[in-house]
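Chains A and B supply the protein sequences, listed in that same order. Under the working numbering, think of the first position of the first sequence as 7, with each following residue one higher. Under the working numbering, think of the first position of the second sequence as 7, with each following residue one higher. C-beta: ideal position from N, C-alpha, C; glycine also.
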Amino acid sequence: MSVIVKLLSKFDDSGIRKAKGSFSGLKGAIGAIGIGVGISQITDLLLDSAKAASGDAKSTKLLNTQLVRNAGATKAQIKQSDKFIEKLSLQTGILDDDLRPAYAKFGNVTGNVKDAQKLLTITLDAAAGSGKSQTKIAQAVAKAYDGNTKSLQNMFPELKKSKDVLGDFTTEYEGMAAINADPFMKFNNSMDILKEKLGAVVLPLLSDFVDYISQPGGPIDQMSAFLDSFQDPNSDASKMFTNIKDAVKDAFGHVKDFFALFGNGDAMKGFGNVVKALVIALPALIALKGIMVLASAGKAVAGLVTAMKAIAGANAASSLGGAAGAGAAGISVVMVGVAAIAATQFAAAVATGMADASVKAALAAKGSQATTTTSVFSGSNGQTMSIPNTGNIHDLFGFKAEAAKNATNNIINITVTNADPKATVDALAKYVKTNGALPSVLTTGKYGK
Amino acid sequence: MASDVVFNAKALIKDLEALEPGITKQLKKDIRQVVKPMQTDIKSAIPSVNPFISGVRKVANTRGRLAWGAGKPANTVTISFKTGRSRKTATTALSALVVSSPATALADVAGKGSGEVRRPVTNAYPYKDGERRHRTTTQGQKMIRHLRSKRASNFVYPAAEQSLPSVQAEVKLVIERYAAKVNRKLN
Chain A
7 MSVIVKLLSK FDDSGIRKAK GSFSGLKGAI GAIGIGVGIS QITDLLLDSA
57 KAASGDAKST KLLNTQLVRN AGATKAQIKQ SDKFIEKLSL QTGILDDDLR
107 PAYAKFGNVT GNVKDAQKLL TITLDAAAGS GKSQTKIAQA VAKAYDGNTK
157 SLQNMFPELK KSKDVLGDFT TEYEGMAAIN ADPFMKFNNS MDILKEKLGA
207 VVLPLLSDFV DYISQPGGPI DQMSAFLDSF QDPNSDASKM FTNIKDAVKD
257 AFGHVKDFFA LFGNGDAMKG FGNVVKALVI ALPALIALKG IMVLASAGKA
307 VAGLVTAMKA IAGANAASSL GGAAGAGAAG ISVVMVGVAA IAATQFAAAV
357 ATGMADASVK AALAAKGSQA TTTTSVFSGS NGQTMSIPNT GNIHDLFGFK
407 AEAAKNATNN IINITVTNAD PKATVDALAK YVKTNGALPS VLTTGKYGK
Chain B
7 MASDVVFNAK ALIKDLEALE PGITKQLKKD IRQVVKPMQT DIKSAIPSVN
57 PFISGVRKVA NTRGRLAWGA GKPANTVTIS FKTGRSRKTA TTALSALVVS
107 SPATALADVA GKGSGEVRRP VTNAYPYKDG ERRHRTTTQG QKMIRHLRSK
157 RASNFVYPAA EQSLPSVQAE VKLVIERYAA KVNRKLN
């Protein structure tokens with residue numbers, strides 16, 4: 007416990023990254039037993055497990071062969087050896103693949119499995135307790151077993167006075183490997199062993215699968231034949247890909263033609279115009295959403311199409327719809343596109359206060375027209391919403407005139423009749439809550455109830 | 007009080023040593039020179055006698071790590087300079103003043119609690135052949151009242167606060183001066 011007055015701090019995240027590294031190892035281990043993993047990860051796990059089991063089987067076979075040849079190990083001893091290595095690996099956190107070569111070496115030296123196990127345990131304990139190289143200790147221990155204790159005594163000078171070098175050495179370091187074992191490594195090791203066990207189950211299945219797919223006339227042969235057929239331009243597979251390529255080319259041509267309509271024959275210019283129109287229309291669409299909310303309070307307008315019809319007037323809507331329905335399939339797509347552009351331009355005009363006349367001119371150029379004399383939205387249940395129209399062609403829907411009338415506060419009165427006033431106010435409040443405050447100050451008067 | 011942050015401090019020290027072996031010693035000496043006045047201020051602000059001793063009942067703890075001045079003088083203030091990393095936080099103190107006496111550290115933060123007695127009677131604890139409990143006295147509350155002030159620290163920070171910004175700036179200047187040496191060499 008101390009009080010620290012910081013004078014200067016330093017930033018160094020390498021320690022945290024190292025700590026994270028330890029935990030990612032743990033995460034990998036947890037992933038390996040299938041906790042919280044997806045299907046693809048499970049598949050990877052199975053393949054990994056099969057691989058690990060294959061490697062494990064190889065190293066076990068190698069060890070067992072050596073034990074049989076050099077230490078005359080019986081079947082029961084071999085089985086016990088496998089268990090011994092697994093147990094030692096779990097206790098010490100050392101990989102079983104690293105233990106087996108040392109074990110085999112001791113098997114050669116001692117000529118019996120029991121002593122080999124004893125020497126391996128001593129070596130691991132001493133390595134963990136002294137921090138010295140496991141390989142060097144193993145060599146010295148092997149020599150000491152044969153009676154040459156000099157290297158072991160040089161390595162551990164405290165043994166120089168000992169009468170029973172190997173016995174004292176064992177007593178001094180007994181159990182050190184298990185005590186000093188890194189818990190992360192122990193955990194990872196346990197998971198690796200589990201993985202190998204899982205792999206041992208998967209391996210025969212995988213082996214059968216490989217035999218099946220690689221048999222003559224099997225899936226691999228068939229796939230090879232299929233891929234070879236692409237080299238022949240007259241094959242069905244090759245023709246299919248040529249058709250796909252042509253179809254993509256045609257579709258791109260149609261898209262190009264479509265945008266060219268908006269750029270006097272230049273598709274890129276047309277695309278630019280469309281994007282520009284959409285960008286301009288963005289505030290208009292937001293404004294339209296406000297109108298829609300007002301209208302929906304009285305259930306007057308069901309959707310955007312109806313709203314656009316109401317804004318553009320019945321004539322414009324019918325002329326657009328008629329044009330769209332009259333032509334052939336290709337033409338009708340284009341006309342629907344034109345109608346959408348006209349509508350967005352119209353909406354943009356509402357938001358930006360563009361002159362009514364110029365909007366009408368723009369619509370006329372696209373073969374459409376709009377009437378703005380009636381700015382009343384009607385609902386199916388007889389509700390209406392009217393926006394005052396001064397008749398000034400430069401003031402769409404009379405927004406400007408209405409604003410001028412209340413120049414100090416910029417108030418625009420929107421009258422909703424035959425609708426539930428509370429629902430209207432609620433709808434407004436809901437709109438503001440969801441979308442934030444409207445650009446201008448919005449107030450509502452008291453409406454009867 | 008927030009201090010400035012130095013990046014790659016370890017690399018800086020390594021480069022300095024490569025540039026001129028033993029220069030880190032000089033860097034530490036320079037920092038110590040800058041921080042010395044503040045260290046003295048803190049030392050003199052730490053009471054020489056145990057502030058826990060009641061004026062009424064003068065019984066003081068004279069043994070153990072929480073005894074005033076036992077083992078380590080109560081006014082031990084060391085200047086630390088560490089470039090090592092932490093596995094818990096990325097930002098750590100490069101240079102700091104450390105008041106390392108546990109008794110002083112405890113007294114420095116004492117009196118920040120409510121002082122309320124949580125349990126009027128203790129849990130049972132083994133005593134001789136059986137077990138027993140005892141009532142909690144209100145002496146602690148009185149001690150807290152005696153120590154209480156509205157500050158987060160009773161002695162250390164009040165003594166350091168006034169000169170802290172200027173000392174922090176000076177320490178940073180020292181580091182920058184040495185960093186400039188490395189930069190000059192590299193460029």
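Beta-carbon proximity check, residue i vs residue j, cutoff 9 angstroms
| i | j | result |
| --- | --- | --- |
| T82(B) | T46(B) | no |
| V162(B) | L18(B) | no |
| S86(B) | A96(B) | no |
| A99(B) | I199(A) | no |
| G135(A) | M182(A) | yes |
| A80(B) | R69(B) | no |
| D161(A) | A144(A) | Per the sequence shown, the amino acid found at residue 161(A) is Met instead of Asp. Going by C-beta atoms, M161(A) is not nearer than 9 angstroms to A144(A). |
| S157(A) | A150(A) | yes |
| D103(A) | D62(A) | yes |
| S159(B) | V115(B) | yes |
| Q72(A) | G21(A) | no |
Closer than 9 angstroms to chain B by CB, residue i
| i | result |
| --- | --- |
| M197(A) | no |
| S20(A) | yes |
| K12(A) | yes |
| M7(A) | yes |
| K89(A) | no |
| S15(A) | yes |
| S46(A) | A caution first: S46(A) carries a pLDDT of 47, below 50, which makes its placement in the model too unreliable to give a value. |
| K428(A) | no |
| K24(A) | yes |
| F352(A) | In this prediction, F352(A) scores a pLDDT of 48, lower than 50, which makes its location untrustworthy; no coordinate-derived value is stated. |
Secondary structure of residue i, DSSP reduced to three states
| i | result |
| --- | --- |
| F161(B) | coil |
| I48(B) | helix |
| A318(A) | Note that A318(A) has pLDDT 43, beneath the 50 cutoff, so the model's placement of it is unreliable and the number below is only indicative. A318(A): helix per DSSP, three-state reduction. |
| S338(A) | Only weak support exists for where S338(A) lies, its pLDDT of 31 falling under 50; the value from the coordinates is given anyway. If DSSP states are grouped into helix, strand and coil, S338(A) belongs with the helices. |
| A17(B) | helix |
| V11(B) | strand |
| G327(A) | Because G327(A) carries a pLDDT of 34, less than 50, the predicted location of this residue cannot be relied on, and no value is offered for it. |
| F58(B) | coil |
| L68(A) | helix |
| G113(A) | helix |
| L485(A) | Outside the displayed span of chain A (7 to 455) sits residue 485(A), for which this structure offers no information. |
| P53(B) | coil |
| P132(B) | strand |
| T97(B) | strand |
| L165(A) | helix |
| S157(A) | helix |
| S107(B) | coil |
| R139(B) | coil |
| F268(A) | coil |
| A76(B) | coil |
| V123(B) | coil |
is_contact[residue i, chain A] using C-beta, thresh 9 angstroms
| i | result |
| --- | --- |
| L33(B) | no |
| R93(B) | yes |
| D21(B) | no |
| K134(B) | no |
| A116(B) | no |
| D36(B) | no |
| L25(B) | no |
| K178(B) | yes |
| F13(B) | yes |
| V123(B) | no |
| A73(B) | no |
| T110(B) | yes |
| Y163(B) | yes |
| I181(B) | yes |
| H140(B) | no |
| A51(B) | no |
| T97(B) | yes |
Heavy atom of the ligand SAM within 8 angstroms of residue i beta-carbon
| i | result |
| --- | --- |
| D217(A) | Ligands are entirely absent from the displayed structure, and the ligand SAM is therefore not among its contents. |
- Does the pairing of the stretch 123 to 138 of chain A with the stretch 96 to 112 of chain A give three or more beta-carbon distances under 8 angstroms? yes
- Item | contact_flag[the stretch 131 to 149 of chain B, the stretch 93 to 113 of chain B] where n(CB pairs < 8 angstroms) is 3 or more | no
- Taking three-plus beta-carbon pairs below 8 angstroms as touching, is the stretch 164 to 181 of chain B in contact with the stretch 32 to 41 of chain B? yes
- Which runs of the alpha helix (DSSP H) spanning at least 4 residues fall entirely within the stretch 75 to 116 of chain A, listed in chain order? 81 to 98 and 102 to 116
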